[in-house]
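A.B. asks: Numbering follows my numbering, in which position 61 of the sequence shown is assigned residue number 101; successive positions increment by one, without gaps. This is the structure I want to talk about, given as structure tokens.
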Amino acid sequence: MSLVTINHENCRRDGSCRDVCPVDLFTLDGEGFPEFREGADASCLACGHCVAVCPRDAVHHEKISNTESPLIGSSLVVQSDAVLQLLKRRRSIREFRPETVPIETIRTLIDATRWAPTAVNRQPVQWIVVHNSSEVHRLAGLVVDWLQQTGGASRYTHFIDLWKQGRDMILRGAPHLAVTIGPSDWNWSSVDCAIALANFEIAATAHGIGTCWAGLLTWAAREQPTLREALGVPNGYEVHEAMMFGLPKYHYRRIPQRNEARVMWR
């Protein structure tokens with residue numbers, strides 16, 4: 041049996057499933073009904089576009105259930121101005137309240153990232169979430185140790201001095217940390233991980249949670265085996281991005297200016 045079959049009674053032969061297939065796995069029969077190409081099962085990305093686009097649920101995919109693919113709620117469609125303001129009001133938060141974000145809320149944010157685009161729908165992103173604030177602080181200390189042992193010490197002398205004085209400039213005293221990792225043998229892991237964490241950030245902003253990209257920890261985790269071990273990164277995976285997060289201490293009233301976009305129109 042083919043991976044994808046078409047219910048002819050429901051199909052209105054508009055060709056939408058064929059048109060949206062990213063790897064062109066559909067053809068049309070003599071009556072205009074779409075057919076899944078013979079031997080195409082192995083080439084299917086299981087992206088679900090054919091199932092999602094069909095207006096009459098005529099597409100049956102063995103891996104993607106119609107009943108588990110919810111309809112898009114028209115009442116929840118966000119106005120474009122609201123989306124643009126959400127993107128513009130996102131700030132890199134470096135001052136946090138001591139309260140923790142509930143694990144169930146974090147699960148909701150990560151769950152939303154499952155729909156972030158990944159190359160050929162491979163979905164390689166895995167997450168490491170450090171919920172314990174004491175452990176986040178310990179990881180920041182490992183980054184400081186690494187900076188002191190490398191050429192970064194001269195550039196980040198001020199950060200190291202402040203750490204010794206009890207001020208964390210590495211993870212900013214954040215209560216939580218999210219790290220995205222991907223397979224070492226997948227060329228697009230870094231991009232897929234970055235996109236997933238960017239979606240996490242926007243979802244967090246919508247939930248009133250502050251975030252900041254943890255560049256120094258990401259850098260150190262790629263270079264320092266001790267930090268990789270502390271994070272629990274499995275063999276065959278690489279740390280690609282990290283983000284500190286928590287409830288923001290301050291709330292911003294205005295959207296600050298940014299440089300104009302530099303665009304070359306062709």
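Heads up, the beta-carbon is just placed ideally off N, CA and C, and yes, glycines get one too.
If you check the beta carbons only, do A152 and L217 fall under 8 Å apart?
C.D. replies: Stepping through the sequence shown from its first residue, residue 152 is reached at position 112. Stepping through the sequence shown from its first residue, residue 217 is reached at position 177. In this structure, L217 does not lie closer than 8 Å to A152 by Cβ.
A.B. asks: Taking the alpha carbon of C252 as the reference point, which residue from V60, E135, G79 has its own alpha carbon closest?
C.D. replies: Working through the sequence shown from its first residue, we reach residue 252 at position 212. Per the Cα distances, E135.
A.B. asks: Kindly indicate which three-state DSSP category T148 falls into: helix, strand or coil?
C.D. replies: Locating residue 148 in the sequence shown gives position 108, counting from the first residue. In this structure, T148 counts as helix in the three-state DSSP scheme.
A.B. asks: Pull up the DSSP beta-bridge partners for R101, would you.
C.D. replies: Looking up residue 101 in the sequence shown gives position 61. Reading the sequence as shown, one finds His at residue 101 and not Arg. Partner(s): V44, I104.
A.B. asks: Quickly, what does DSSP pair E278 with across the bridge? List them, please.
C.D. replies: Here residue 278 corresponds to residue number 238 of the sequence shown, with the count starting at 1. DSSP, once it has assigned bridges, lists G222 as partnering E278.
A.B. asks: Grab the span of the alpha helix (DSSP H) containing C252 for me, first residue to last.
C.D. replies: Stepping through the sequence shown from its first residue, residue 252 is reached at position 212. Unbroken run through C252 is the beta strand (DSSP E), 250-253; no alpha helix (DSSP H).
A.B. asks: Where DSSP assigns a beta bridge to S132, which residues make up the other side?
C.D. replies: Working through the sequence shown from its first residue, we reach residue 132 at position 92. For S132, which the question treats as bridged, DSSP gives the partners T251.
A.B. asks: Which ranges would you report for the beta strand (DSSP E) in the stretch 67-91 if only whole runs of at least 3 residues count?
C.D. replies: With a minimum length of 3 residues, the continuous beta strand (DSSP E) runs that stay inside the stretch 67-91 are 74-76.
A.B. asks: Within the continuous beta strand (DSSP E) that includes W167, where are the two ends?
C.D. replies: Counting from one through the sequence shown, the residue named residue 167 turns up at place 127. 166-170 is the extent of the beta strand (DSSP E) around W167.
A.B. asks: When DSSP labels each residue in this structure, what does P110 get in the three-state scheme?
C.D. replies: As a first step, residue 110 is located in the sequence shown; it is residue number 70 there, counting from the start. The three-state secondary structure of P110, taken from DSSP, is coil.
A.B. asks: To the nearest angstrom, how far is it from the Cα of S194 to the Cα of H247?
C.D. replies: Here the question's residue 194 lines up with position 154 in the sequence shown. Here the question's residue 247 lines up with position 207 in the sequence shown. Using only the alpha carbons, I get a separation of about 38 Å.
A.B. asks: Spell out the partners DSSP gives H216 in its beta bridges.
C.D. replies: For this step, residue 216 is matched to residue 176 along the sequence shown. Note: H216 sits in a beta bridge opposite F285.
A.B. asks: Where does G55 fall in DSSP's three states?
C.D. replies: Locating residue 55 in the sequence shown gives position 15, counting from the first residue. Note: G55 maps to coil in three-state DSSP.
A.B. asks: Using DSSP with H/G/I as helix, E/B as strand and the rest coil, what is A246?
C.D. replies: Residue 246 sits at position 206 when you count from the first residue of the sequence shown. Reduced to three states, the DSSP call for A246 is helix.
A.B. asks: What are the start and end residues of the alpha helix (DSSP H) that includes A180?
C.D. replies: If you number the sequence shown from 1, residue 180 lands on position 140. It spans 173-189 - the alpha helix (DSSP H) in which A180 sits, taken as one unbroken run.
A.B. asks: Checking 8 Å against the spacing of the C-beta atoms, do C233 and V165 come in under that value?
C.D. replies: In the sequence shown, counting from the first residue as 1, residue 233 sits at position 193. In the sequence shown, counting from the first residue as 1, residue 165 sits at position 125. It is a contact, given that the beta carbons lie within the stated cut-off.
A.B. asks: Drop a sphere of 10 angstroms on the beta-carbon of R298, count the other beta-carbons inside from all chains shown, and report buried for 16 or more, exposed for fewer.
C.D. replies: As a working mapping, residue 298 is identified with position 258 in the sequence shown. Label assigned to R298: exposed.
A.B. asks: Is there contact here, the stretch 69-83 with the stretch 111-130, by at least three beta-carbon pairs under 8 Å?
C.D. replies: With the cut-off at 8 Å, the stretch 69-83 and the stretch 111-130 do not touch.
A.B. asks: Mapping the DSSP letters down to three states, classify D64 as helix, strand or coil.
C.D. replies: The residue you call residue 64 lines up with position 24 of the sequence shown. Looking at D64 - three-state DSSP - the assignment turns out to be coil, as it is neither helix nor strand.
A.B. asks: If we call anything under 8 Å between Cβ atoms a contact, is L211 one with V160?
C.D. replies: For the purposes of this step, residue 211 is identified with residue 171 of the sequence shown, where counting begins at 1. For the purposes of this step, residue 160 is identified with residue 120 of the sequence shown, where counting begins at 1. Contact flag unset, no.
A.B. asks: Return helix, strand or coil for T140, following the three-state DSSP convention.
C.D. replies: Taking the sequence shown and counting its residues from 1, the one referred to as residue 140 is at position 100. Coil.
A.B. asks: Helix, strand or coil: how does DSSP classify A37 here?
C.D. replies: This structure cannot speak to residue 37, because the chain is shown only from 41 to 306.
A.B. asks: What does a CB cutoff of less than 7 Å around I235 pick up in its chain, not counting 5 residues either side in sequence?
C.D. replies: Looking up residue 235 in the sequence shown gives position 195. Within the same chain, I235 has close Cβ partners A156, P157.
A.B. asks: Tell me which residue opens and which closes the alpha helix (DSSP H) that I295 is part of.
C.D. replies: As a first step, residue 295 is located in the sequence shown; it is residue number 255 there, counting from the start. The continuous stretches of alpha helix (DSSP H) do not include I295, and DSSP gives it neither H nor E.
A.B. asks: Going by C-alpha distance, which of N172, R131, D121 is nearest E139?
C.D. replies: By one-based count along the sequence shown, residue 139 stands at place 99. It is N172.
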